[in-house]
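Chains as they are written, first to last, in the working numbering: chain A, 289 to 506; chain B, 3 to 244; chain C, 501 to 781.
Virtual Cβ for every residue (Gly too), placed ideally from N, Cα, C.
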Amino acid sequence: MIFLRRTAPLVLAFVVGILGIGVFYVPHETAQDLEKNLSLWLRIVFAFSFFLGLVSLMNLHWSRIQQRGGGWGYSLVVYVSFGIMFLFVVYNDGDGPFAPQAAAGGYQWMFLNVHVPCGATMFSILAFFIASAAYRTFRARSPEAAILLVSAVIVMLGRVPIGAFISDLIPTAAQWLMAVPNLAAKRGILLGVSLGVIATSLRIIFGIERAYLGGGEE
Amino acid sequence: MNRDTFLFLGFVGLFAVVNIVLLSTGTVTADWTGLGIIVAAGLTLCLYTFLYKDNLLFKFAEHVYVGVAAAYIFGQVWYPTLYGEIIEPMTGSEQGASQDTWWLLIPTLLGCLMLTRFSARIGWLSRIAFAFVVGLGAGFAIPRTISSYIINQIEPTLGALSLTVDGLNLFIILVGVVTVLIYFFFSVEHTGVVGRASKVGIWFLMISFGASFGYTIMARLSLLIGRVTFLFRDWLGLNIAQ
Amino acid sequence: MEKLLNIDRRIIFIFVFLGVSIPLLVEELEFPVKPTQNVRAVHEMLETAAQSDGGGLVLFSFDYGPSAQPELQPMALSLLRHCFSRGIKVVAICLMPDAPGLAEQALTTAAGEYDREVGSDYVFMGYKPGFASVLINMGQDFKSAFPKDRWGTPTEELPVTRHVDSLKDFDAVIDLAAGATPEMWIAYGQEKFKFPLGVGCTAVMAPDLFPFLQSGQMTGLIGGLAGAAEYEALIKTPGTATIGMRPQSVTHLVLILFILLGNVMYFLTRRRAAGSTGATA
Chain A
289 MIFLRRTAPL VLAFVVGILG IGVFYVPHET AQDLEKNLSL WLRIVFAFSF
339 FLGLVSLMNL HWSRIQQRGG GWGYSLVVYV SFGIMFLFVV YNDGDGPFAP
389 QAAAGGYQWM FLNVHVPCGA TMFSILAFFI ASAAYRTFRA RSPEAAILLV
439 SAVIVMLGRV PIGAFISDLI PTAAQWLMAV PNLAAKRGIL LGVSLGVIAT
489 SLRIIFGIER AYLGGGEE
Chain B
3 MNRDTFLFLG FVGLFAVVNI VLLSTGTVTA DWTGLGIIVA AGLTLCLYTF
53 LYKDNLLFKF AEHVYVGVAA AYIFGQVWYP TLYGEIIEPM TGSEQGASQD
103 TWWLLIPTLL GCLMLTRFSA RIGWLSRIAF AFVVGLGAGF AIPRTISSYI
153 INQIEPTLGA LSLTVDGLNL FIILVGVVTV LIYFFFSVEH TGVVGRASKV
203 GIWFLMISFG ASFGYTIMAR LSLLIGRVTF LFRDWLGLNI AQ
Chain C
501 MEKLLNIDRR IIFIFVFLGV SIPLLVEELE FPVKPTQNVR AVHEMLETAA
551 QSDGGGLVLF SFDYGPSAQP ELQPMALSLL RHCFSRGIKV VAICLMPDAP
601 GLAEQALTTA AGEYDREVGS DYVFMGYKPG FASVLINMGQ DFKSAFPKDR
651 WGTPTEELPV TRHVDSLKDF DAVIDLAAGA TPEMWIAYGQ EKFKFPLGVG
701 CTAVMAPDLF PFLQSGQMTG LIGGLAGAAE YEALIKTPGT ATIGMRPQSV
751 THLVLILFIL LGNVMYFLTR RRAAGSTGAT A
């Protein structure tokens, strides 16, 4: 049983990992076909992973409704709104769920008039909080903080038309800051992160890193 | 009733009055499009009430968003992939299930195995699916990371230096990349030459973080401008000059 | 001074709101938008694509959702208007599940302005999950990655995609991104097939992508609403992004003044505290 629970997944991860590396370097048609099919399978398995999140979300809100915990009414709102949208999804403008997706209908209406405004507004609220935080906490307490502050001010002025209106030097300075010192720092971070990705990927393939298998009985 | 209750009831009442005026003047049309604009404006304003304090209206709009988003994404997964690439080819609605389509059973089975994670008894079966996804993802990532993010990034950093503006910039980039990498190398104590180089790396990082901060402010303000433009132009019908 | 340093944040919120609202309504405030080199590079990339055999075929990857819609939708519209005005054929895909509705809206709006028809001038393939695996799949065999378009028409039957076999058949690729997709496009697509890649992204992401510009892995970069406004200026079709530059400029100034004021008061308070400590010592 331990073979099935622990060894088999690790062996599978090793085999597909080595295949994934190998098909990149082998130009033969068979290898390229294998790469195509593996990526197709990966796409399809990804689609199922969505349901993990969906079931977790609905479980969370269902348990709140059952236990009549604090704010359980809002969990009911989640179920009702999910239900209404789900009905539109399944109705598919009259074609039903076993037909290609319709071009218009309640589904698109809900998306444009509920999903889009809510999503856009949620993140726009941050504009207010970032302004408040910047006023209260953005202090040039040290030379490094002063460099950060000056750099932020130059970029904020340089990227909007008012910077060029004040002086042509401001957008030029902002562009230089982005294209030279910022580039250098980001490249350094990118190199470091990439080395980390390679190391972690190798650890996964060789079975040293097993956290992705989840806990539970070995 | 306390002050907050008065405020929120007043807010809801004001919203209703404004919409009645907009509908009666024809600024918002009395059809599905108009109703959509009113719903969108209402949800937008409910979410913005959070700026006063956390409240019932905000929580209501937030939870509506969660429910609608979850169902929307279900639709995006069902139609193109689950129905379009698995059910329809395998049930042969057009050409009949061909030999090729039976291969689809393998990723479908792997996907179903993933869902066993919710069962305490057979949840271990999901490890097979996760091993496939994570192992293959790691295998695909390694050669591409080496090529795109390491070799193709080191090469332009080591470009030919010259006594021109471009050459000077290239030198600054080289110094910046090396000193930032030295800063992140924590296995060696940051003293002496390493300490000084690490200090220079910190300066480059501060410039970068300042630039990122400036761009982040720009991004969030852009989102706010977008919402305010919608409220002024599409809902209230005000003239937004171009 | 302590009161000013600890002012109720809702007062700052009001200033931000006024900084955004007043410039939107005041016609007299006008700031010319000057396109920068990185945005011009995307424009030139599409102009070059338009001159290729067959009039050009460009792949648009819509990888953003409602949270980035105010920044990226104006960008998408400008790029599509440019393509349709030059007769470039467009293939649109989505790698984010939130994107199809917005992509559809942008495509139908821009196509309607230039009388372009779905199937013969542009196609919309819809969303596929998997991110990098979609790119690998497309690179090997486009028709296996997208066997049908969003509305169920087989890819082989669409005039635009009939002869598309893989990513190398595109004259250019544009990624409109709110997440990590530009890096994926570089590693999983551009690295092997060497197509010109232009990226439109949120302003949050733009600083991270400059290394790819210098290395040539990315041809051009349109960053945030300001980038979208620059592109609107290039195609001489001002839109929502150009309108947004007025409140953007004013609010940036307001925020900078707040930050400077906060720092001035902080240093004055510190000096006063140091002075009183010295006096008592």
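Check whether residue i and residue j have beta carbons under 9 Å apart
i        : j        : result
Leu107/B : Phe336/A : no
Tyr67/B  : Gln389/A : no
Gly626/C : Arg650/C : yes
Val468/A : Asn154/B : no
Trp237/B : Ile89/B  : no
Leu63/B  : Leu298/A : A small fix is needed here, since residue 63/B is Ala in this sequence, not Leu. Not in contact: Ala63/B and Leu298/A (Cβ atoms no closer than 9 Å).
Leu580/C : Ala611/C : yes
Leu45/B  : Cys406/A : yes
Gln714/C : Pro158/B : yes
Gly565/C : Leu602/C : yes
Leu445/A : Ile735/C : no
Ser567/C : Phe142/B : no
Ser465/A : Ala213/B : The residue asked about is misnamed: residue 465/A is Leu in this sequence, not Ser. Yes, these two residues count as a Cβ contact at 9 Å.
Chain F contact residues for residue i, given Cβ-Cβ distances below 8 Å
i        : result
Leu183/B : Of the chains in the structure shown, none is chain F; the protein chains are A, B and C.
Cut-off 8 Å between Cβ atoms - residues of its own chain near residue i, not counting five sequence neighbours on either side
i        : result
Val182/B : Gly203, Phe206, Leu207
Glu505/A : At Glu505/A the pLDDT is 49, less than 50, meaning the model places this residue with poor confidence and gives no usable figure here.
Gln717/C : Ile686, Gln690, Glu691, Leu697
Which of helix, strand or coil DSSP assigns to residue i
i        : result
Ala99/B  : At Ala99/B, the pLDDT of 47 sits below 50, so the modelled position is not reliable; the number obtained from the coordinates is stated separately. Coil.
Ala499/A : helix
Phe116/B : The displayed chain sequence assigns Met, not Phe, to residue 116/B. Three-state DSSP puts Met116/B in a helix.
Met92/B  : helix
Lys201/B : helix
Tyr185/B : helix
Ala462/A : helix
Leu160/B : coil
Ala467/A : helix
Leu559/C : strand
Ile372/A : helix
Trp105/B : coil
His192/B : coil
Thr31/B  : coil
Pro247/A : Nothing in the structure corresponds to residue 247/A, since chain A is present only between 289 and 506.
Ser776/C : helix
Ser455/A : coil
Tyr54/B  : coil
Thr166/B : coil
Gly310/A : helix
Gly357/A : coil
Ile152/B : helix
Beta-carbon contacts of residue i that lie in its chain and below 6 Å, excluding the five residues immediately before and after
i        : result
Gly98/B  : At Gly98/B the pLDDT is 46, less than 50, meaning the model places this residue with poor confidence; the figure from the coordinates comes in the next sentence. Around Gly98/B: no qualifying Cβ.
Pro738/C : Glu732
Ser776/C : none
Ala452/A : Pro459
Ser552/C : Asp671
Residues of its chain near residue i, where Cβ-Cβ distance is below 7 Å and the 5 sequence neighbours each way are ignored
i        : result
Met398/A : Met373, Phe376
Thr231/B : Ile242
Lys648/C : Pro654, Thr655
Leu364/A : Ile353
Thr536/C : Glu730
Cβ-heavy atom distance, residue i to the ligand HEM, below 8 Å
i        : result
Arg222/B : The model depicted lacks the ligand HEM and carries no ligand whatsoever.
Whole runs of the alpha helix (DSSP H) within the region 378 to 411 of chain A, excluding any shorter than 4 residues
394 to 398
Cβ-based contacts, 7 Å cut-off: residues of the region 675 to 702 of chain C near chain B
Ile686, Ala687, Tyr688, Glu691, Thr702
Select from the region 503 to 516 of chain C all residues with a C-beta closer than 8 Å to any C-beta belonging to chain B, and list them in chain order.
The residues in question are Arg510, Phe513, Val516.
Pull out every residue of the region 441 to 466 of chain A whose Cβ sits closer than 7 Å to any Cβ of chain C, in chain order.
Cβ contacts with chain C come from Val441, Met444, Leu445, Arg447, Val448, Pro449, Ile450, Ala452, Phe453, Gln463, Met466.
Of all the beta strand (DSSP E) runs that stay within the bounds of the region 686 to 742 of chain C, which reach a length of 3 or more residues?
Within the region 686 to 742 of chain C, the complete beta strand (DSSP E) runs of at least 3 residues are 697 to 701, 720 to 723.
Contact set between the region 627 to 639 of chain C and chain B, restricted to residues whose Cβ is under 7 Å from the partner
Going along the region 627 to 639 of chain C in chain order, one finds Tyr627, Lys628, Pro629, Ala632, Ile636 with a Cβ nearer than 7 Å to chain B.
Can you list the alpha helix (DSSP H) stretches of 4 or more residues lying completely in the region 608 to 687 of chain C, in chain order?
632 to 640, 642 to 645, 681 to 685
Entirely within the region 524 to 610 of chain C and at least 3 residues each: give me those beta strand (DSSP E) ranges in chain order.
557 to 563, 589 to 594
Residues in the region 401 to 430 of chain A with C-beta within 9 Å of chain B's C-beta atoms, listed in sequence order?
Asn401, Val402, His403, Val404, Pro405, Cys406, Gly407, Ala408, Thr409, Met410, Phe411, Ser412, Ile413, Leu414, Ala415, Phe416, Phe417, Ile418, Ala419, Ala422, Phe426
Residues in the region 329 to 344 of chain A with C-beta within 9 Å of chain B's C-beta atoms, listed in sequence order?
Trp329, Leu330, Arg331, Ile332, Val333, Phe334, Ala335, Phe336, Ser337, Phe338, Phe339, Leu340, Gly341, Leu342, Val343, Ser344
Against chain A: residues of the region 205 to 216 of chain B by CB proximity under 9 Å:
Trp205, Phe206, Leu207, Met208, Ile209, Ser210, Phe211, Gly212, Ala213, Ser214, Phe215, Gly216
Along the region 730 to 757 of chain C, what residues have a CB closer than 9 Å to any CB found in chain A?
Result list: Met745, Arg746, Gln748, Ser749, Val750, Thr751, His752, Leu753, Val754, Leu755, Ile756.
Select from the region 380 to 401 of chain A all residues with a C-beta closer than 7 Å to any C-beta belonging to chain C, and list them in chain order.
The region 380 to 401 of chain A vs chain C, Cβ under 7 Å: Pro388, Gln389, Ala391, Gln396, Phe399, Leu400.
Which residues, in order along the region 712 to 725 of chain C, keep a beta-carbon less than 9 Å from a beta-carbon of chain B?
Within the region 712 to 725 of chain C, the qualifying residues are Phe712, Gln714, Ser715, Gly716, Gln717, Gly723, Gly724, Leu725.
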